[in-house]
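Below you'll find the structure, written out as structure tokens, and then a few comments.
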Amino acid sequence: MPEIPPPPARSRLLSIDALRGLVILFMLLDHVRETFYLHHQVPDPMVAAETPPELFFSRLLAHLCAPVFVFLTGLSAFLYASKQPDGRAAASSFLWKRGLFLVLLEVTVVNFAWTFQFPPAKVFLQVIWVIGLSMLALAALVWLPRKVLIVLGIVLVAGHNLLDGLHFPAGHVLHVPWAVLHDRGWIELSGALKLRTSYPLLPWIGVIALGYAAGPWFLAGADAAQRQRRLLAWGAGLLAGFVLLRLLDVYGDKPWTAGDTALASWMGFFNITKYPPSLLFIALTLGVGLLLLRAFERRQGAAWLAPLAVFGAAPMFFYVLHLYVLKFLYLGAEAAWGRNQGTLFGFDAMWMVWAAAAVLAFALYPAVRAFAALKERRRDIAWLKYL
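Residue 55 in numbering that gives the first Met the number 0 sits at position 56 of the sequence shown, with consecutive numbering throughout.
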């Protein structure tokens, strides 16, 4: 069989796809953990004193995924608009249609991959849901002036922790909208079905807005050196802000505590809240993400970037594929070896999670490569761009 060439990077910066591909692999690691290491559950935020370091830092790596996905979604929306004759109108229309598609995908195909229940008793509204809702919000926000969009993004990211103490009990008229926007919880639709708002929306609207506002840095005519300076300045600035706020320990996340050892103290320092993403969570993850984006751009000729870019060129295809592969692998393992971890089948050590994730990445690569090449080759097939 002839080798399928990787999709060319003429229509997008290789660094963007490579960064998306890297966090996809981190996501794969985390989902292998959730499939085969669930007998060692971790809350949010983690309990640093009770979490083994190898589990803690594996989970910390996965924290990069959602912020980078959402930021790059906004960035990609701007680049899409820049290539259309009607610009914002085209972007708004695409964001609206793809946002609705992702919301529908989450509550059907994706939720079934996690639960294998039909009809479902529980629907978990997770990252695909929040990306879809963020796109719906951005479909309206693209009409704002860029400066207003930047201010709005900063206010939502930096200010939403002021609302942490606001809660509405079940039955209150504001319980459902607030559970969707900011307060992670359950929404009971009936006695047989309830929804879990795993990813509250409000701060993610800020992240996608900032991604869209960063779009002009990546236009074809933009100065590459200036773009890299901006990525360095903003990335380093976000990390410096994270360190300063964490040391002051007065705003942006729950207080941290020093441990009995230096390692335990470092774990406490980096133990941040994801649901909803705190200011410190976003500052740390987007800071690292922007610096990685700069590093990848400066090494676009490196051979090791190409496989990452392949994963990043077909993110939704990989997302759905790997969830079903993991579910069938789990069912097969449970049938073969039984429930060796109480009520679950699971691995005995975290290194086995890493090993399984590496094997799966290599195993799934050919299918992702073929689909990415198909997307690039058949731009006339409209539905392919949704994956």
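Positions of the beta carbon are idealized from the N, C-alpha and C atoms, including for glycine. This structure is a prediction, so every number in the text was calculated from the model and none was measured.
C-beta atoms of residue i and residue j nearer than 8 Å
{"i": "P51", "j": "M315", "result": "no"}
{"i": "S197", "j": "Q125", "result": "yes"}
{"i": "A17", "j": "A308", "result": "yes"}
{"i": "A313", "j": "F361", "result": "no"}
{"i": "L209", "j": "F241", "result": "no"}
{"i": "V129", "j": "N110", "result": "no"}
{"i": "L322", "j": "W113", "result": "yes"}
{"i": "L304", "j": "L71", "result": "no"}
{"i": "K273", "j": "H62", "result": "yes"}
{"i": "L137", "j": "A76", "result": "yes"}
{"i": "V67", "j": "R97", "result": "no"}
{"i": "L27", "j": "L359", "result": "yes"}
{"i": "F310", "j": "V352", "result": "no"}
{"i": "L373", "j": "L363", "result": "no"}
{"i": "G214", "j": "L78", "result": "yes"}
{"i": "L330", "j": "V31", "result": "no"}
{"i": "W177", "j": "L135", "result": "no"}
Proximal residues to residue i (C-beta, below 7 Å), its chain only, five neighbours per side dropped
{"i": "V108", "result": "V319"}
{"i": "F268", "result": "R245, W255"}
{"i": "W216", "result": "R226, R229"}
{"i": "F117", "result": "F111"}
{"i": "D248", "result": "P254, W255"}
{"i": "A257", "result": "S264, G267"}
{"i": "F93", "result": "Y79"}
{"i": "V175", "result": "I186"}
{"i": "V41", "result": "T50, L54, R58"}
Which listed residue (the options) has its alpha carbon closest to that of residue i
{"i": "G158", "options": "P202, L135, M351, A371", "result": "P202"}
{"i": "L59", "options": "W353, L291, K326, T284", "result": "T284"}
{"i": "A65", "options": "V154, L188, L230, L21", "result": "L21"}
{"i": "L243", "options": "A219, A282, P306, W216", "result": "A282"}
{"i": "G205", "options": "G152, V46, L103, P168", "result": "G152"}
{"i": "L289", "options": "E333, L231, Q299", "result": "L231"}
{"i": "A191", "options": "L180, A235, P119", "result": "P119"}
{"i": "L103", "options": "I127, K82, A235", "result": "I127"}
{"i": "I15", "options": "P306, A357, G236, R376", "result": "P306"}
{"i": "G234", "options": "D347, L291, L173, A332", "result": "L291"}
{"i": "D259", "options": "A47, L161, A357", "result": "A47"}
{"i": "K82", "options": "E333, G220, T342, G236", "result": "G220"}
Burial state of residue i (16 or more Cβ within 10 Å)
{"i": "T34", "result": "buried"}
{"i": "G276", "result": "The question names Gly, but residue 276 is Pro in the sequence shown. By the 10 Å Cβ count, P276 comes out buried."}
{"i": "S91", "result": "buried"}
{"i": "W185", "result": "exposed"}
{"i": "F295", "result": "buried"}
{"i": "P199", "result": "buried"}
{"i": "F317", "result": "buried"}
{"i": "R9", "result": "Residue placement at R9 is flagged as unreliable, the pLDDT there being 42, under the threshold of 50; the coordinate-derived value follows with that caveat. By the 10 Å Cβ count, R9 comes out exposed."}
{"i": "E105", "result": "buried"}
{"i": "A301", "result": "exposed"}
{"i": "L44", "result": "Correcting the residue type first, residue 44 is Pro in the shown sequence and not Leu. Result: buried."}
{"i": "A355", "result": "buried"}
{"i": "L165", "result": "exposed"}
{"i": "L218", "result": "exposed"}
{"i": "Y385", "result": "exposed"}
{"i": "I380", "result": "exposed"}
{"i": "V156", "result": "buried"}
{"i": "G73", "result": "buried"}
{"i": "Y36", "result": "buried"}
{"i": "R11", "result": "Bear in mind that the predicted position of R11 carries a pLDDT of just 43, short of 50, making it too unreliable to give a figure here."}
{"i": "R377", "result": "exposed"}
{"i": "R293", "result": "buried"}
{"i": "F346", "result": "buried"}
{"i": "F55", "result": "buried"}
Own chain residues within Cβ distance below 6 Å of residue i, not counting five before or after
{"i": "L238", "result": "G286"}
{"i": "A212", "result": "R145, L148, I149"}
{"i": "D252", "result": "I271, T272, S277, L279"}
{"i": "E187", "result": "K193"}
{"i": "D29", "result": "A61"}
{"i": "Q340", "result": "H38"}
{"i": "D182", "result": "H166"}
Sequence-distant residues of the same chain with beta carbon closer than 8 Å to residue i, five excluded per side
{"i": "W336", "result": "F344"}
{"i": "H171", "result": "none"}
{"i": "W142", "result": "R87, S91"}
{"i": "V69", "result": "V129, I130, S133, W203, V206, I207, G210"}
{"i": "R298", "result": "L304"}
Beta bridge counterpart(s) of residue i as assigned by DSSP
{"i": "Q340", "result": "L343"}
{"i": "E187", "result": "K193"}
{"i": "V122", "result": "L194"}
beta-carbon residue i near the ligand FAD non-hydrogen atom, thresh 7 Å
{"i": "A312", "result": "Looking at this structure, you won't find the ligand FAD or any other ligand, since it has none at all."}
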